[in-house]
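In our numbering, the protein residues as written are 58 to 240.
Heads up, the beta-carbon is just placed ideally off N, CA and C, and yes, glycines get one too.
Below: one structure, written as structure tokens.
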């Protein structure tokens, strides 16, 4: 980017969506605030995901309203403690403890779309070390850790293909993925 343009790109990205700024560069990022404050970290240990998209939509404002109705919001102090614990756990080549792999909106998404609970259970049954609702849902993801994570996630996606034909495998990419190519 040309000098002075990075701020403009960051501002535009934040206007597109709170989580968009964290997606501008590949790699591990933590977004805070409304998602517009982005910190990048060294890659974690090898891992892969199975992504199970839903055939229906789930409105983000509806999920937040449901979270409020369920009394799910956390205090600023509790969120600060969780953030500090997360940053401390983000060592290069490490894995995240289950307690750090949480989605505060998961209960609300499941409350509105019980399909999410069924998909989460299916991912766990297929061997996911952790299954979560992605964002405000309704897509769910499972994570596998280790040098054979892609192979195990691929096998799980194949196992889930009958009830979840749109299930797919994803793995993190590094900075080289976004590097310009002259070929």
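Beta-ladder partner(s) of residue i, from DSSP
i, result
"residue 89", "94"
"residue 247", "As shown, the chain starts at 58 and ends at 240. That puts residue 247 outside it, with no answer to give."
"residue 113", "DSSP lists no partner for residue 113."
"residue 226", "107"
Contact under 8 Å by Cβ, residue i with residue j
i, j, result
"residue 166", "residue 195", "yes"
"residue 210", "residue 144", "no"
"residue 227", "residue 105", "yes"
"residue 124", "residue 162", "yes"
"residue 203", "residue 213", "no"
"residue 127", "residue 164", "yes"
"residue 217", "residue 179", "yes"
Proximity winner among the options, relative to residue i (alpha-carbon distances)
i, options, result
"residue 102", "149, 161, 182, 228", "149"
"residue 208", "233, 95, 122, 185", "185"
"residue 176", "93, 117, 220", "220"
"residue 113", "68, 193, 158", "193"
Any chain D beta carbon closer than 8 Å to residue i
i, result
"residue 111", "Considering every chain present, this structure includes no chain D. It has just one protein chain."
Distance between beta carbons of residue j and residue i, contact taken as under 8 Å
i, j, result
"residue 77", "residue 86", "About 11 Å; that fails the 8 Å criterion."
"residue 109", "residue 197", "5 Å"
Any chance you could list the alpha helix (DSSP H) runs of at least 4 consecutive residues sitting entirely within the region 127-183, in chain order?
-> Taken in chain order, the complete alpha helix (DSSP H) segments of 4 residues or longer contained in the region 127-183 are 133-146, 163-169, 172-182.
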